[in-house]
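Please read the structure below before turning to the comments.
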Amino acid sequence: MTLSQISRRSFLHFSAATAAAFLVPGGALPVQAGTLSHGLSVFGDLKYPKDFTAFDYVNPEAPVGGKIAMTAPSWGYNQNPQTFNTFNTFILKGDAPPRMERCFDSLMVRAYDEPDAVYGLVAESALVSEDGNFVTFKIRPEARFHDGSTLNAEDVAFSLNLLKEKGHPIISQSIKEMVSVTAPDEHTVTVAFSGNHSRQLPLLIATLPIVSKTYYTRYNFEASTLTPPLSSGPYMVGRYEIGRYIEYKKVENYWAKDLPVTKGHHNFEIIRLDFFRDRQATFEAFKKGRLTFHEEFSSKTWATEYNFPALTEGRVAKKEFAIRLPSGAQGWFLNTRKEKFSNPKVREALGYAFDFEWSNAALFYDLYTRTQSFFENSEMKAVGLPSDAELALLEPYKNDLPEGVFGEAITQPVSNGSGQDRKLLREASLLLKEAGYYRRGEQLIGPDGKQLEMEFLSNSPAFERIVLPYVKNLRLLGIEASFRVVDPAQFQKRVDDFTYDIVGHRFSLTPTLGPSIRNFWTSASAETFGSYNLSGIKVPAVDDLVDKALNASSREEMITAARALDRVLRAGYYWVPQWFKAFHTVAVWDMFGIPNDMPAYAFPVEATWWVDSEKAARIGKES
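Set out below in structure tokens:
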């Protein structure tokens, strides 16, 4: 099981990016500052030439029509995979349904077979100034909103300025080095940066949503509303019932349907998302055919429950797709804003009490690998001793960092698989003693004279079977630990307000680090409500290393800075790492066409798959 069902995704890209490696494909075209280009990339390479007709990983002749029905984890700003009460996905207030981003266009869109390249959608070209402090986008004159009104440069400038001023903190914090956006004429937008911005900020700006200036002059952008906003993307809000489902309907005369960046995309007439409060209800809905696509996140279910009639009859198929994206940071995050988690020895001790080896064998059917790094499954993961290049970045902070930063990269203890490894529990007890705790009978008493207590917060009862064995070991240490499930709205509120002890979460990272990582680990984000700095990390060395990773002039420099950052974060014991799986486990009603070449940097099911009418007819799923 992973936390993907309940996590808020990194918003850097509207689609999850996946990575196989960090090498740019051969034959790449250099893009230099001062050169007008049809695309942008962080380190100046593009795979596709100006006259390309479609991305390699799509089927340009894919038929359009039919429906895909699914549940979906959120990767937008304030999206909730279990319910919704607003269609405004760009502010902190309220819970929006996942995939609202499909209703909005952006200046450029990602190529999923490159680490970070973007190509023109609303913008037909971009010109980066020689000093990198300005980007000028040329707007396509044919761009339109769904009501037929023109989408012009004023709308773009209005949108970017609005998001910086009033958008979700995750957006506004990440674009703070955007100084101004102006529209000198109807088809030209100039974005000015501070000079302190990261190399990826222009790409982030290019992928942010565009809203209508006219619409949000009449309506309050900061309002939570169930009136679907005017938008311009390939889909629009269709039928919906709050708490049950939402359908996104393909826009019939989408203005960009013939552009190279959209060919072979958006093939479903309807994308339907159904909302369920628990995993079992979701699975039952899939078995009955109410859902036609289901990514399985329960290892137990994948191993033992896929034996229902539709599967044995061949109408449902099980599939696995490799994940080559950095698996990200998945774990239980400890809220260091609370005094009881302020001592790193206490935090380290908590890691000794979680028996992953037993959990993997007894609960996960050996499908998972232990997460060790904040950059797991990528070249950014720190291994062994620091390199000379890493040490050069770390040495200025040597007096302020724990010794563990400069030795072998911190790894999690390996248990004997018994579920109650006495040796590891003894190590935990020694660490707690060093932190000033002592036993009084069955209770672990802290320096404040009170028993150490902690609560695991969740919005899914599915995690109870995983957390309770961990809780049992913590109680053996004298800690009063508990597991609490709250409704989705309360869960989101408490996470946004940092009113929890321990919360499970997964961060989805990208192969080229972007400004969003400032919201994961930097001091400025530690007290920003709604940020992803769940542990409340405030370390100057971390702030500096984040800057160095974002301002790297080459991929090699970025990887070095990320490895140094990984060492500091891991030596701080801000989390108890969980696990990852190097493949998507997916079940489908066997009615879909799938491109021959799945892109290395994403899993864009709704964007690139299609309904195969012959297969659908064979299993009785005709539209």
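For the sequence shown, this note's numbering gives the first residue as 1, with consecutive numbering after it.
Glycine is no exception: its CB is placed at the ideal position from the N, C-alpha and C atoms.
Under the three-state DSSP convention, the category residue i falls into
i: residue 191; result: strand
i: residue 68; result: strand
i: residue 302; result: helix
i: residue 520; result: helix
i: residue 451; result: strand
i: residue 255; result: coil
i: residue 218; result: helix
i: residue 11; result: Per-residue confidence for residue 11 stands at a pLDDT of 31, beneath the threshold of 50, marking its modelled position as unreliable; the derived number appears in the next sentence. Here residue 11 sits in coil by DSSP.
i: residue 276; result: coil
i: residue 83; result: coil
i: residue 236; result: strand
i: residue 202; result: helix
i: residue 573; result: coil
i: residue 132; result: coil
i: residue 558; result: helix
i: residue 181; result: strand
i: residue 118; result: strand
i: residue 109; result: strand
i: residue 150; result: strand
i: residue 283; result: helix
i: residue 30; result: Caution is warranted here: a pLDDT of 43 is assigned to residue 30, below 50, making its placement in the model unreliable, and no coordinate value can be reported.
i: residue 261; result: coil
i: residue 369; result: strand
i: residue 485; result: strand
i: residue 470; result: helix
i: residue 615; result: helix
i: residue 5; result: Here the model assigns residue 5 a pLDDT of 33, short of 50, so the residue's position is not dependable and the matter cannot be decided.
i: residue 95; result: coil
i: residue 244; result: coil
i: residue 593; result: strand
i: residue 375; result: coil
i: residue 433; result: helix
i: residue 387; result: coil
i: residue 480; result: strand
i: residue 208; result: coil
i: residue 24; result: In this predicted model, residue 24 has a pLDDT of only 30, less than 50, meaning its place in the structure is not dependable; the value taken from the coordinates is given anyway. Coil at residue 24, not helix or strand.
Residue(s) in a DSSP beta bridge with residue i
i: residue 443; result: 440
i: residue 532; result: For residue 532, which the question treats as bridged, DSSP gives no partner whatsoever.
i: residue 334; result: 502
i: residue 584; result: 321
i: residue 398; result: Residue 398 pairs with nothing; no bridge assigned.
i: residue 410; result: Bridge partners of residue 410: none, in fact.
i: residue 507; result: 329
i: residue 294; result: 587
i: residue 126; result: 37, 137
i: residue 553; result: Looking at the DSSP assignment, residue 553 forms no beta bridge with any residue, so it has no partner.
i: residue 271; result: 68, 248
i: residue 622; result: Answer by DSSP bridge pairing: none, since residue 622 is not bridged.
i: residue 496; result: DSSP, once it has assigned bridges, lists no residue as partnering residue 496.
i: residue 458; result: 485
Whole-Å CB distance - residue i paired with residue j, under 8 Å assumed
i: residue 199; j: residue 551; result: 7 Å
i: residue 588; j: residue 317; result: 6 Å
i: residue 138; j: residue 157; result: With a Cβ gap of about 14 Å, residue 138 and residue 157 do not count as contacting.
i: residue 444; j: residue 452; result: 5 Å
i: residue 314; j: residue 358; result: Rounded, the Cβ-Cβ distance is 37 Å, inconsistent with contact.
i: residue 347; j: residue 341; result: 6 Å
i: residue 126; j: residue 99; result: The pair is not a contact, with the Cβ atoms about 27 Å apart (cut-off 8 Å).
i: residue 230; j: residue 134; result: Not confirmed; about 29 Å, so no contact.
i: residue 512; j: residue 116; result: 4 Å
i: residue 523; j: residue 574; result: With 8 Å as the limit, residue 523 and residue 574 do not qualify as a contact, their Cβ atoms being about 13 Å apart.
i: residue 295; j: residue 495; result: 23 Å between Cβ atoms; not a contact.
i: residue 162; j: residue 216; result: 7 Å
i: residue 391; j: residue 69; result: At roughly 53 Å, the Cβ-Cβ gap does not stay under 8 Å, so residue 391 and residue 69 are not in contact.
i: residue 576; j: residue 328; result: Incorrect: roughly 15 Å between the Cβ atoms, too far for contact.
Any non-hydrogen atom of the ligand COA closer than 7 Å to residue i Cβ
i: residue 187; result: Looking for the ligand COA in the displayed structure turns up nothing, as the structure carries no ligands at all.
Chain C contact for residue i (CB, 8 Å cutoff)
i: residue 269; result: No chain C is part of this structure, which consists of one protein chain only.
At least 3 beta-carbon pairs within less than 8 Å: the stretch 561–574 vs the stretch 542–552
yes
Cβ pair count under 8 Å reaching 3, the stretch 86–99 against the stretch 186–197:
no
Below 8 Å, how does it come out for the stretch 161–178 and the stretch 515–528: are there three or more Cβ pairs, yes or no?
yes
Length at least 3, wholly inside the stretch 308–361: the beta strand (DSSP E) runs in chain order:
At a cut-off of 3 residues, the continuous stretches assigned as beta strand (DSSP E) that sit fully inside the stretch 308–361 are 316–322, 329–334.
Check whether the stretch 372–379 and the stretch 401–408 touch, using three or more Cβ-Cβ pairs below 8 Å as the test.
no
Do the stretch 260–272 and the stretch 322–341 touch if we need at least three Cβ pairs shorter than 8 Å?
no
For the stretch 94–112 against the stretch 597–607, do three or more pairs of beta-carbon atoms, one drawn from each stretch, fall closer than 8 Å, so that the two count as touching?
Enough Cβ pairs lie closer than 8 Å, so yes.
Please confirm if the stretch 43–55 is in contact with the stretch 202–209, defined as three or more CB-CB distances below 8 Å between the two stretches.
no
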